[in-house]
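Q: Numbering (UniProt numbering), first residue to last: 1 to 503.
Each residue gets a CB set at the ideal place from its N, CA and C atoms; glycine is no exception.
Next up is a structure, given as structure tokens.
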């Protein structure tokens with residue numbers, strides 16, 4: 001391009017020199033000065049801008065090198081060195097550049113780190129260089145100064161201890177699908193899968209399609225349709241007889257596992273079944289997330305309901321001690337169906353102990369969890385993990401509050417417990433399994449004492465949950481026919497790393 005411009009000027013000058021009119025030559029000679037200056041400046045400026053573009057690209061690469069997944073596990077000084085090495089390797093040998101890559105201070109790298117649930121790092125790479133001019137003699141300036149600045153920021157998932165607390169109180173014994181709700185209501189008149197030794201005292205009769213009662217023999221583990229009874233025995237339609245003292249009539253809890261045998265179709269899945277599945281599926285998801293983010297995630301699982309005789313709190317540890325997720329599998333999660341208490345009658349867990357059916361002690365559960373959870377670190381190392389408490393619940397408390405029974409949304413005492421935990425630096429994530437009015441069909445007590453307060457449940461749970469960076473609650477809601485497992489992994493995924501370039 002330069003040779004072509006010079007050739008053009010030579011030809012034009014030769015024609016002018018042959019012109020006999022002297023004034024034209026003089027004027028042309030005068031015009032050549034600014035013209036030559038303009039052409040030279042244009043060429044050198046274009047070269048400088050091309051060089052700046054290439055150096056900006058190098059700065060982009062350098063900034064991202066300081067915030068990639070591997071480098072986010074390293075110190076700020078290591079990230080600074082990595083950014084400088086990347087930049088200098090990219091710009092070394094660029095034609096027309098005057099820049100001292102041997103200077104250990106080049107380029108300028110500024111790093112600002114921040115804490116929080118995601119450990120943050122903001123990196124700014126700045127440089128100043130000179131572009132060598134081809135027309136330095138004409139312009140009176142040997143170089144043009146070029147500079148640039150690029151910023152990259154990233155967050156990385158920290159090392160975290162996760163505590164998963166799952167509500168397994170009797171109110172969670174609801175079918176998780178519309179089909180299941182309709183099926184159990186049709187069969188028993190009540191939507192709850194109550195687990196009780198004397199279901200008939202609560203008006204629950206489980207019968208087969210022929211209208212015969214179902215008897216469960218505890219001694220043998222068998223069951224049968226009832227043909228006749230006397231004071232001592234149950235006589236089955238098959239001719240077998242069982243002692244009444246060794247069994248009970250089937251309850252709706254048993255029905256959920258045997259519905260297909262009695263009526264065809266599928267058995268009925270309960271919310272506790274979905275909780276179990278969610279806990280099982282969380283483990284491989286956490287393993288993959290930890291591997292992708294190159295951090296350590298540890299997990300411990302708990303359930304809560306009511307304080308059993310001989311215990312001081314309603315929390316059960318179901319997966320042993322806090323453990324690296326890589327050492328866990330779905331097999332470590334017990335069968336929730338088998339964990340349920342078989343109450344003696346409604347209001348009485350055993351024949352010698354009654355608690356007015358208060359089966360969801362939120363306050364005592366949160367107090368216990370606060371005692372169990374370790375003091376969190378900032379998550380920058382595996383030795384100082386952050387703490388996150390996941391709670392899966394239908395949001396209904398049934399406990400003593402201010403000296404009286406409270407069977408409504410979480411109360412002020414419960415929310416104060418949440419605040420105590422959050423003030424320790426432990427974040428709370430809440431998964432609400434929505435309590436619906438239609439689930440109370442056939443339960444007059446719940447319709448009178450629980451249904452009027454359902455609108456208060458969600459605001460209370462949101463208040464318990466920690467706030468995210470955008471101010472919204474760390475909170476999800478699932479309702480009938482939706483997946484608890486998907487919602488739980490979505491909550492977990494909020495710690496996934498994000499990175500972007502900013503100008």
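1) Buried or exposed, going by whether 16 or more other CB atoms sit within 10 Å of the CB of residue 459?
2) Where does residue 245 land, buried or exposed, given buried means 16+ other C-beta within 10 angstroms?
3) Using only the alpha-carbon positions, how far apart do residue 426 and residue 418 sit?
4) Pop quiz: residue 251 and residue 287 are said to be a contact at Cβ under 8 Å. What is the actual Cβ separation, rounded to whole angstroms?
5) Thinking just about the alpha-carbon of each residue, which of 416, 370 and 428 is nearest to the one in residue 391?
6) If you measure between the beta carbons of residue 149 and residue 59, is that distance less than 9 Å?
7) Taking 8 Å as the threshold, find out whether the region 150-167 comes into contact with the region 84-91 through three or more Cβ pairs.
8) Assuming contact is defined by CB atoms lying nearer than 9 Å, are residue 433 and residue 167 in contact in what I supplied?
9) Within a Cβ cutoff of 6 Å, which residues of the same chain sit near residue 387, ignoring the five residues on either side of it in sequence?
10) Go ahead and pull the three-state DSSP assignment for residue 74.
11) Check whether the Cβ atoms of residue 358 and residue 311 sit closer than 9 Å, and answer yes or no.
12) Quick check: the region 389-403 against the region 328-344, are at least 3 beta-carbon pairs closer than 8 Å?
13) Using a Cβ-Cβ cutoff of less than 6 Å, which residues in the same chain neighbour residue 393 once the five nearest sequence positions on both sides are dropped?
14) In whole angstroms, give me the CA-to-CA distance for residue 253 and residue 436.
15) Can you give me the Cβ contacts of residue 110 inside the same chain, cut-off strictly under 6 Å, excluding the 5 residues immediately before and after it?
16) Leaving out five residues before and five after residue 56 in sequence, what residues of the same chain have Cβ atoms less than 8 Å from its Cβ?
17) May I ask which residues mark the beginning and end of the beta strand (DSSP E) holding residue 425?
18) Are three or more beta carbon pairs between the region 228-240 and the region 272-286 nearer than 8 Å?
19) Using DSSP with H/G/I as helix, E/B as strand and the rest coil, what is residue 306?
20) So, at 6 Å on beta carbons, what are the nonlocal neighbours of residue 489 in its own chain, with the 5 sequence-adjacent residues on each side left out?
21) In the DSSP assignment, find the unbroken alpha helix (DSSP H) run with residue 254 in it and report its ends.
22) For a minimum of 3 consecutive residues, which ranges assigned as the beta strand (DSSP E) are wholly contained in the region 388-427?
23) When the Cα of residue 212 is compared with those of 220, 225, 218 and 185, which residue comes out closest?
24) What is the DSSP secondary structure of residue 212, counted as helix, strand or coil?
25) Tell me which residues share the same chain as residue 143 and place their Cβ nearer than 8 Å to its Cβ, disregarding the 5 neighbours each side in the sequence.
26) Put residue 499 into one of helix, strand or coil per three-state DSSP.
27) I need the boundaries of the beta strand (DSSP E) containing residue 111, first residue and last residue.
28) Among 258, 173 and 176, whose alpha-carbon lies nearest the alpha-carbon of residue 215?
29) Just the C-alpha distance for residue 474 and residue 105, rounded to the nearest angstrom, thanks.
30) Given residue 177, which residues of its chain have a CB within under 6 Å of its CB, disregarding the five upstream and five downstream residues?
31) Just to confirm, are residue 306 and residue 370 a CB contact at a threshold of 9 Å?
32) Judging by CA-CA distance, which residue of 298, 54, 195 and 185 is the nearest neighbour of residue 384?
33) If you measure between the beta carbons of residue 179 and residue 113, is that distance less than 9 Å?
34) From the DSSP output, which residues share a beta bridge with residue 196?
35) Tell me where the beta strand (DSSP E) around residue 234 begins and ends.
36) Using a 10 Å radius around the Cβ and a threshold of 16 neighbouring Cβ atoms, would you call residue 304 buried or exposed?
A: On the basis of the supplied data:
1) Residue environment: residue 459 is assigned as exposed (fewer than 16 neighbouring CB atoms within 10 Å of its CB, all protein chains considered).
2) Classification of residue 245: exposed, given that the 10 Å Cβ count is below 16.
3) C-alpha separation (whole angstroms): 10 Å.
4) With a Cβ gap of about 38 Å, residue 251 and residue 287 do not count as contacting.
5) Closest option to residue 391, Cα to Cα, is 428.
6) Yes. Within cutoff.
7) At 8 Å Cβ cutoff, the stretches do not touch.
8) Yes.
9) Excluding residues within five positions, the ones whose Cβ falls inside 6 Å are 161, 373, 376 and 426.
10) Correct three-state label for residue 74: coil.
11) The answer is no: Cβ separation not under 9 Å.
12) These segments do not touch.
13) Taken in chain order, the residues that qualify are 167.
14) Taking the straight line from one Cα to the other gives about 19 Å.
15) When the five nearest sequence neighbours on each side are left out, the beta carbons in the same chain lying within less than 6 Å of the beta carbon of residue 110 are those of 124, in order along the chain.
16) Excluding five sequence positions before and after residue 56, the CB atoms of its chain that fall closer than 8 Å to its own CB belong to 148 and 150, given in chain order.
17) Careful: residue 425 lies outside any beta strand (DSSP E) and carries neither H nor E.
18) Counting C-beta pairs closer than 8 Å gives fewer than three between the region 228-240 and the region 272-286, which falls short of the contact rule.
19) Coil, per DSSP.
20) Scanning its chain for C-beta atoms nearer than 6 Å, with the 5 sequence neighbours on each side dropped, one finds around residue 489 the residues 285, in chain order.
21) It spans 252-263 - the alpha helix (DSSP H) in which residue 254 sits, taken as one unbroken run.
22) Runs found: 399-401 and 404-406.
23) Out of 220, 225, 218 and 185, 225 has the C-alpha closest to the C-alpha of residue 212.
24) Look at residue 212 here: in three-state DSSP terms it is coil, with no helix or strand label.
25) For residue 143, where only same-chain residues beyond five positions count, the Cβ hits under 8 Å are 98, 130, 131, 132, 133 and 136.
26) Annotation note: pLDDT 45 at residue 499 (below 50); position unreliable, coordinate value reported separately. Of the three classes helix, strand and coil, the one that applies to residue 499 here is strand, per DSSP.
27) Residue 111 -> beta strand (DSSP E) spans 108-114.
28) The candidate whose alpha carbon is nearest that of residue 215 is 258.
29) Those two C-alpha atoms are separated by around 43 Å.
30) Result list for residue 177: 481, in chain order.
31) No.
32) Nearest of 298, 54, 195 and 185 to residue 384, Cα basis: 298.
33) Cβ distance not < 9 Å, so residue 179 and residue 113 don't count as in contact.
34) Answer is 343, bridged to residue 196.
35) Looking at the DSSP string, the run of the beta strand (DSSP E) that includes residue 234 is 233-236.
36) With at least 16 other beta carbons inside 10 angstroms of its own, residue 304 counts as buried.
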